[in-house]
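Asker: Let me begin by handing over the structure; questions about it come next.
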Amino acid sequence: MTSTSISSLPAIRSYRYWLAAYRRTWRGSISTSVVSPVLYLAAMGVGLGSLVHRSAAIGGVTYLQFIGPGLLAATAMQVGAAESTYAVLGSFKWIRVYHAMAATPLMPIDILIGHLLWIATRIAMASGIYLAVVAAFGGIKSPLALLAWPACLLIGMAFAAPIVAFSSSRETDSGFAALNRFGIVPMFLFSGTFFPISQLPEVLRWIAYATPLWHGVELVRSLCLGHLVAADLGHVAYLATWAAVGVALSVRQYQRKLGV
Amino acid sequence: MTDSQPQSLIHARGLVKKFGEFVAVDGIDFDVAPGEAFGFLGPNGAGKSSTMRMIGCVSPPTAGTLTILGLDPHRDGAAIRGRLGVVPQQDTLDLELTVHENLLIYGRYFGLSKSEASERATELLDFVQLLDRAGDKVEPLSGGMKRRLTIARSLINRPDVLLLDEPTTGLDPQARHVVWDRLFRLKQQGVTLVLTTHYMDEAEQLCDRLVVMDKGTIAAEGSPRELINEYSTRDVVEVRFAVGENEIGADKLFGLAPRIEILPDRVLLYTDDGDECVDAVNDRGVMAVSTLVRRSTLEDVFLRLTGRTLVD
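If you read the protein sequences in the order shown, they are chains A and B. Residue 261, in this note's numbering, is where the first sequence stops; the numbers in between run on with no holes. Residue 317, in this note's numbering, is where the second sequence stops; the numbers in between run on with no holes.
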């Protein structure tokens, strides 16, 4: 190697592909990232929120302050999931860019890490914008909210990494609709995003405890409202475990499919 | 042939590739020398692409020995791939990026700096006659242009060996000749070419030496001329009969040539003197729709070795 700078690392070489590919769609993507939180917070935080009392169940804050962090965490999940399905399958099957990369000195793990870095970039972009919009709507009570940004990155990767492993094991896109219908959408609705899970029947409450999103919502809400509790460390550990297991499974898949 | 050939760029002994129970490559031996154009000729499913993927260090051999540029693919895969150029059977271009961007990004996979990759991209686009399309997206390019772009891309790291898996399959005759011309120039520059094809004219045009593959094994090896001399006759007389009369017609030709092949649509007579043979056919008063004399090709070699035609 002629240079040891970061830009010559193999994973950065494959990351650069995603950056170049994004240049053709960034305008639409950025405006979605801005418009979507504005609409949700206006309709649900301000509109619906005017009907919701500052009850103890939602921690004695305004409804906007309750769902702002919830939506933020859920967005990190959705972006992490969305970037890890068709883009991964397509890179194996349709555009075949992984195969183009695999014919060069890049190793399967470089190809994987480059893509994961790109997914992390997208999560950071979308949740950074979302956080700013939540703040603009007055949904934030503490400077600790700045830490909600890396927390969102962790949430996004807790979903993205296992979904990358799943997508890379698929031969067709037939599993993605089910993943969304039975995984992402129910979590979005019932993991404490819009109402506390104390309102759920007991069985469903235990399911909600197991979902990574509930842990993410609790963590981001603590940070945005400025009252951290010991359980937040547990949330971080739980999310990190999902991310780590997902990465480990993905490494195996990529090595099996692209490696020597 | 000795087992150690230090001068060979690619060296394979007893090379096997299995997918589960299916044996795609069944213990083949070959050597590719620097600067030569080496071909794998065979029908679809003969094991050509599996062999190419093993040489390209993207698919591990199941058994046998394989060294490329003196290195072991399992241990030194990345180093070997850094010195190979690969033109895969299926293009892996990004259709929505521009022609130039495709080369630029690919060059950077090899660790080239942006300016170096960009400079080489322009040079290579000139070489494959696509410089005027540099700023266009890949999507609307013709099949031949995409193929040339893939070839340009495969050269961005200035490879020692160029691997071409069916470089002209699916192209029209004119586009094929443009591709052949570029490959021929590369060969003259000293680039070692390894290609697979199921077109005998392509093998004859480009290959110094080739192996005929069938069902995962090598059926014969040599230069196109050697193979024709060994496995076929100088001339071939092709006799066509009216539909449905092939078998009956063939009976009347019995004994006119040392070897006769009956294909579904015509009868082939293998002979060293085609004109004399045609006269003999006419003397027998055979009611043929047409007769023609031609030189033997690799297609005839393949037919002789496997009993089947190359392209069905």
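The beta-carbon is built from N, C-alpha and C at its ideal position, and this holds for glycine as well.
1) Counting only runs that start and end within the stretch 6–60 of chain A, where is the alpha helix (DSSP H) found for 4 or more residues in a row?
2) Could you work out which residues of chain B lie near residue 212 (chain A), taking near to mean beta carbons separated by less than 7 Å?
3) Let me know if residue 27 (chain A) comes out buried or exposed under the rule of 16 or more other beta-carbons within 10 Å of its beta-carbon.
4) Relative to chain B, which residues along the stretch 89–105 of chain A have a C-beta separation below 9 Å, given in chain order?
5) Are any of the Cβ atoms in chain A nearer than 9 Å to that of residue 110 (chain B)?
6) Can you tell which of B:301, B:35 and B:108 has its C-alpha closest to the C-alpha of residue 223 (chain B)?
7) How would you write the range of the alpha helix (DSSP H) that residue 172 (chain A) sits in, first residue to last?
8) Going by C-alpha distance, which of A:40, A:52 and A:85 is nearest residue 180 (chain A)?
9) Our contact map puts residue 247 (chain B) next to residue 294 (chain B) with C-beta atoms below 8 Å; I'd like the distance itself, whole angstroms only.
10) Which residue marks the beginning of the alpha helix (DSSP H) containing residue 207 (chain B), and which one marks its end?
11) Starting from the Cα of residue 250 (chain A), find the closest Cα among A:196, A:232, A:167 and A:176 and give me that residue.
12) Compare the C-alpha of residue 318 (chain B) against each of B:196, B:287, B:68 and B:230 and name the closest.
13) Tell me the rounded alpha-carbon separation between residue 259 (chain B) and residue 48 (chain B).
14) Does the structure place the stretch 184–191 of chain B close enough to the stretch 20–30 of chain B that three or more beta carbon pairs sit under 8 Å?
15) Which of the three DSSP states is assigned to residue 247 (chain A) in this structure?
16) I'd like to confirm the pairing. Which residues does DSSP put opposite residue 166 (chain B) in its beta bridges?
17) Check residue 300 (chain B) in the structure and name its three-state DSSP category.
18) Show which residues of chain B have a CB atom less than 8 Å away from the CB atom of residue 15 (chain A).
19) Less than 7 Å between C-beta atoms, sequence neighbours within five positions excluded: which residues of the same chain meet that for residue 16 (chain A)?
20) Quick one: which chain A residues come within Cβ less than 7 Å of residue 86 (chain B)?
21) What residues from the stretch 21–42 of chain A come within 8 Å of chain B, judged by C-beta to C-beta, listed N to C?
22) Note the first and the last residue of the continuous alpha helix (DSSP H) segment covering residue 107 (chain A).
23) Quick check on this structure: which residue in A:110, A:96 and A:130 has the alpha carbon closest to the alpha carbon of residue 70 (chain A)?
24) Between the stretch 223–237 of chain A and the stretch 189–201 of chain A, do at least 3 Cβ pairs fall closer than 8 Å?
25) Flag residue 87 (chain A) as yes if its beta-carbon sits less than 9 Å from any beta-carbon of chain B, otherwise no.
Answerer: Taking the definition as stated:
1) 11–23 and 27–41
2) Result: empty, since nearest Cβ-Cβ is about 36 Å, beyond 7 Å.
3) exposed
4) 96, 97, 98, 99, 100, 101, 102, 103, 104 and 105
5) yes
6) B:35
7) Per DSSP, residue 172 (chain A) belongs to no alpha helix (DSSP H) and is neither H nor E.
8) A:85
9) 6 Å
10) 205–211
11) A:167
12) Summary: the structure shown does not reach residue 318 (chain B), with chain B confined to residues 6 through 317, and so no result is reported for it.
13) 29 Å
14) no
15) helix
16) B:89 and B:197
17) strand
18) 114
19) 115, 118 and 119
20) 104, 105 and 106
21) 21, 22 and 25
22) Looking at the DSSP string, residue 107 (chain A) is not in any alpha helix (DSSP H), and its letter there is neither H nor E.
23) A:130
24) no
25) no
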